[in-house]
Amino acid sequence: MNKYIRLFNTIKYLKFTQIYYRLFYFVRARFRKLIGFQYNFPKVSQNVAPLKLVNSCGYYSSYENSEFTMLNLSKKFGLKIDWNFAEYGKLWTYNLTYFEYLGNKEDVNLIYDFIENIYIIKDGLEPFPISIRGINWIKFLTKYEIKDKKIDDSLYAQYYILLDNLEYHLLGNHLLENGFSLLFGAYYFQDEMLYKKAVEILNKELDEQILDDGGHFELSPMYHQLMLFRVLDCINLVQNNSWKKEELLIFLEGKASLMLGWLKSISYENGKIPLLNDSANKIAPSFLELFDYASRLNVDMIVKDLKQSGYRKIKKANFECLVDVGEVGASYISGHAHADTFNFELYIKDKPFIVDTGISTYNYSKRRNNERSTKAHNTVEINKQNSSEIWSGFRVANRANIIKLIEEQDFIQATHDGYKKKFGILHTRKWIFKENYIIIKDSFNKCCNAIARLHFHPNVTENEMRERIILNSQFSILKYEYAPEFNKTLEALVVEIPFEKELKVEINI
């Protein structure tokens with residue numbers, strides 16, 4: 458019974474569109490299987506338009522000496538590439554079919570190999586990898602001025618598979634990626650149908666997904682960087698090609714300016730992003746790469762105070778502290794959210810001190826569940842339960858809501874109700890910021906078994922931790938696995954502080 462209640466508490470947040478398309482695609486797939494449906498698309502009838510693009514940002518995936526390296530995992534296939542290779546998990550398989558590793562002109566042979574095997578490819582023909590691959594193929598073909606009808610015919614067919622399977626059942630960054638790619642396909646093939654759908658998606662979704670303060674509504678700095686990268690790519694496309702007379706340009710530049718401002722506000726002075734929610738290093742272009750790209754496209758930055766995204770940044774002479782007092786976001790696509798309400802990160806003199814533990818995998822596993830859990834963040838866990846009910850890798854059922862927020866200069870106080878339904882407990886946390894110290898006070902409306910945790914960067918020694926952290930209760934020093942990148946973990950220290958109703962922690966700077 459509990460699993461059905463959890464399922465209901467997950468579904469109730471979905472939009473009608475998501476539910477409708479989940480059912481529609483489910484029924485359609487079974488009907489098509491019954492009748493033996495196969496896509497049958499015409500060849501490209503018109504000449505492909507030669508595009509102009511300025512250099513974009515680089516990728517972290519590589520292909521060297523017949524070896525693919527992505528997400529810190531490498532694979533050599535020998536004579537035959539297995540485009541369905543699943544040993545490293547679905548995300549790696551997706552990355553294999555993104556083609557972000559295309560480098561030299563000779564890598565066109567990888568495209569030919571993919572096309573020759575396309576009828577047996579599985580994950581790579583899902584709409585999300587089609588979207589990313591389409592952009593990467595078009596960038597590659599444009600850079601090396603490759604005109605090949607075999608490639609163009611296959612790419613054109615893939616775009617119409619995408620058009621038939623747009624990710625309305627997911628929405629969020631998935632549907633945005635569909636829209637970005639359709640715009641590239643529309644310009645490349647000068648296709649009015651692709652263009653019409655691209656404009657429809659981008660206008661609606663960017664207006665909804667980019668918050669008033671410029672943040673992306675899934676509240677992951679990494680996904681924000683990825684979405685900003687795509688917006689800049691589309692600006693690049695529209696600025697440098699006159700097919701549609703720059704109809705989208707002002708709209709896209711406005712969104713990019715806000716997104717640049719949010720990224721500037723959320724990033725640390727050393728250029729690093731906080732690893733909040735599903736965020737990892739070496740996936741998206743860096744802070745500096747994105748700002749350089751925007752500069753080359755003459756896109757200005759608009760900086761607004763961090764508000765709607767729920768994050769707050771406090772900066773003093775010797776420290777930067779990033780605090781999460783926001784809701785789980787976005788409510789109907791919360792797959793990248795963690796049970797981390799009141800989490801925070803702290804940099805001292807441009808060096809990480811207290812950090813988010815990061816993520817190392819998207820595979821459905823105990824590790825994935827742990828990395829999303831409350832105990833994996835710098836907040837308070839009550840009765841060994843999560844503050845928001847994360848499950849199944851990318852699901853959230855009941856979730857913590859901010860029911861009170863007070864902000865003054867150098868002071869933040871917030872209360873969440875994540876433990877109210879189960880235990881009748883409200884959690885209040887106060888941050889007091891001074892030039893040379895920070896005070897954090899936790900309190901509940903009644904006694905319970907609680908544990909507050911502070912996760913330290915791997916470079917922080919026990920001596921430094923003891924010098925800076927002042928506690929009014931007993932604590933334990935344990936070890937945990939810090940995950941700065943996918944498939945990469947480093948041993949570091951975590952302090953666990955058990956308490957029943959009130960706790961005060963002082964951090965000397």
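Residue numbers for the sequence shown follow our numbering, so the first one is 458 and each next one is one higher.
A virtual CB, placed ideally from N, CA and C, is assigned to each residue, including glycine.
For clarity, every value in this text was computed on a predicted model and none was experimentally measured.
Through-space distance from residue j to residue i, alpha-carbon basis
{"i": "A854", "j": "N512", "result": "43 angstroms"}
{"i": "K721", "j": "S743", "result": "11 angstroms"}
{"i": "D669", "j": "I860", "result": "21 angstroms"}
{"i": "K808", "j": "L911", "result": "16 angstroms"}
{"i": "R923", "j": "N916", "result": "14 angstroms"}
{"i": "Y569", "j": "I538", "result": "12 angstroms"}
{"i": "A713", "j": "N902", "result": "43 angstroms"}
{"i": "V812", "j": "Q870", "result": "20 angstroms"}
{"i": "S766", "j": "F674", "result": "7 angstroms"}
{"i": "G882", "j": "L548", "result": "Per the sequence shown, residue 882 should be read as Ile rather than Gly. When rounded, the distance between both Cα atoms is 38 angstroms."}
{"i": "A787", "j": "N858", "result": "13 angstroms"}
{"i": "E846", "j": "Y470", "result": "13 angstroms"}
{"i": "Y894", "j": "Y804", "result": "12 angstroms"}
{"i": "E583", "j": "Q615", "result": "10 angstroms"}
{"i": "S724", "j": "D749", "result": "15 angstroms"}
{"i": "L639", "j": "L536", "result": "33 angstroms"}
{"i": "E892", "j": "T599", "result": "53 angstroms"}
{"i": "F874", "j": "L960", "result": "In the sequence on display, residue 874 carries Asp and not Phe. Taking the straight line joining both Cα atoms gives about 18 angstroms."}
{"i": "I521", "j": "N529", "result": "A quick correction: the sequence has Glu, not Ile, at residue 521. Cα-Cα distance, rounded: 14 angstroms."}
{"i": "Q476", "j": "F483", "result": "The question names Gln, but residue 476 is Ile in the sequence shown. Their backbone Cα atoms lie some 11 angstroms apart in a straight line."}
{"i": "G493", "j": "K596", "result": "35 angstroms"}
{"i": "F913", "j": "F810", "result": "6 angstroms"}
{"i": "T918", "j": "S830", "result": "25 angstroms"}
{"i": "K806", "j": "L689", "result": "32 angstroms"}
{"i": "L572", "j": "F943", "result": "A quick correction: the sequence has Ile, not Leu, at residue 572. Cα to Cα, I572 sits roughly 29 angstroms from F943."}
{"i": "L491", "j": "T526", "result": "39 angstroms"}
{"i": "S900", "j": "E544", "result": "46 angstroms"}
{"i": "E703", "j": "G546", "result": "40 angstroms"}
{"i": "L666", "j": "N630", "result": "The sequence shown places Gln at residue 666, not Leu. Spanning the two alpha carbons is a distance of roughly 8 angstroms."}
{"i": "S791", "j": "R487", "result": "28 angstroms"}
Beta-ladder partner(s) of residue i, from DSSP
{"i": "D899", "result": "R886, L960"}
{"i": "T872", "result": "K861, T885"}
{"i": "D781", "result": "Y768"}
{"i": "A909", "result": "V837, I954"}
{"i": "L947", "result": "Y939"}
{"i": "K808", "result": "I805"}
{"i": "R852", "result": "W848"}
{"i": "I979", "result": "Because the chain spans 458 through 966 in this model, residue 979 falls outside it and cannot be assessed."}
{"i": "Q842", "result": "I839"}
{"i": "N965", "result": "Y894"}
{"i": "G792", "result": "For G792, which the question treats as bridged, DSSP gives no partner whatsoever."}
{"i": "I723", "result": "DSSP, once it has assigned bridges, lists no residue as partnering I723."}
{"i": "G815", "result": "A940"}
{"i": "F748", "result": "Beta-bridge pairing links F748 to no other residue."}
{"i": "I927", "result": "E963"}
{"i": "K776", "result": "First, the amino acid is wrong: residue 776 is Phe here, not Lys. For F776, which the question treats as bridged, DSSP gives the partners I805."}
Residue i beta carbon near the ligand ZN (any heavy atom closer than 8 angstroms)
{"i": "L779", "result": "Although the ligand ZN was asked about, the structure shown includes no ligands whatsoever."}
Contact belief for residue i with residue j at Cβ below 8 angstroms, rounded distance in angstroms
{"i": "S947", "j": "I934", "result": "The sequence shown places Leu at residue 947, not Ser. Actually they are not in contact, since the Cβ atoms of L947 and I934 sit about 17 angstroms apart, beyond 8 angstroms."}
{"i": "H834", "j": "T818", "result": "Actually they are not in contact, since the Cβ atoms of H834 and T818 sit about 17 angstroms apart, beyond 8 angstroms."}
{"i": "D445", "j": "I896", "result": "Absent from the structure is residue 445, since the part of the chain shown begins at 458 and ends at 966."}
{"i": "K533", "j": "F542", "result": "No, K533 and F542 are not in contact; Cβ-Cβ is about 11 angstroms, not under 8 angstroms."}
{"i": "N755", "j": "D781", "result": "Not really, about 34 angstroms apart at Cβ, beyond 8 angstroms."}
{"i": "K898", "j": "K887", "result": "4 angstroms"}
{"i": "L510", "j": "N693", "result": "5 angstroms"}
{"i": "V565", "j": "I603", "result": "6 angstroms"}
{"i": "A940", "j": "I816", "result": "6 angstroms"}
{"i": "Y625", "j": "Y478", "result": "4 angstroms"}
{"i": "L651", "j": "A741", "result": "Actually they do not touch by this definition, with Cβ atoms about 25 angstroms apart."}
{"i": "V760", "j": "G718", "result": "4 angstroms"}
{"i": "L954", "j": "A909", "result": "Here residue 954 turns out to be Ile, not Leu, going by the sequence shown. Yes, I954 and A909 are in contact; Cβ-Cβ is about 5 angstroms, under 8 angstroms."}
{"i": "G783", "j": "L715", "result": "No, G783 and L715 are not in contact; Cβ-Cβ is about 17 angstroms, not under 8 angstroms."}
{"i": "Y558", "j": "Y516", "result": "7 angstroms"}
Item to check | 4 or more residues per run - each alpha helix (DSSP H) lying fully within the stretch 613-677 | outcome: 629-646, 649-666
Checklist entry - Would you call the stretch 643-657 and the stretch 674-683 touching, i.e. three or more CB-CB distances under 8 angstroms? => result no
Item to check | Whole runs of the beta strand (DSSP E) within the stretch 494-536, excluding any shorter than 3 residues | outcome: 519-521, 524-527, 530-533
Item to check | Contact between the stretch 769-776 and the stretch 821-841 (3+ Cβ pairs under 8 angstroms) | outcome: no
Next on the checklist: Any contact between the stretch 613-620 and the stretch 581-590? By contact I mean 3 or more CB pairs, one from each, below 8 angstroms.
Outcome noted: yes
Item to check | Whole alpha helix (DSSP H) elements within the stretch 526-599, 4-residue minimum | outcome: 547-555, 565-573
Next on the checklist: Is it the case that the stretch 600-612 contacts the stretch 623-639, given that we only count it when at least three CB pairs across the two stretches are under 8 angstroms?
Outcome noted: no
Next on the checklist: Three or more C-beta pairs under 8 angstroms: does that hold for the stretch 652-672 against the stretch 696-709?
Outcome noted: yes
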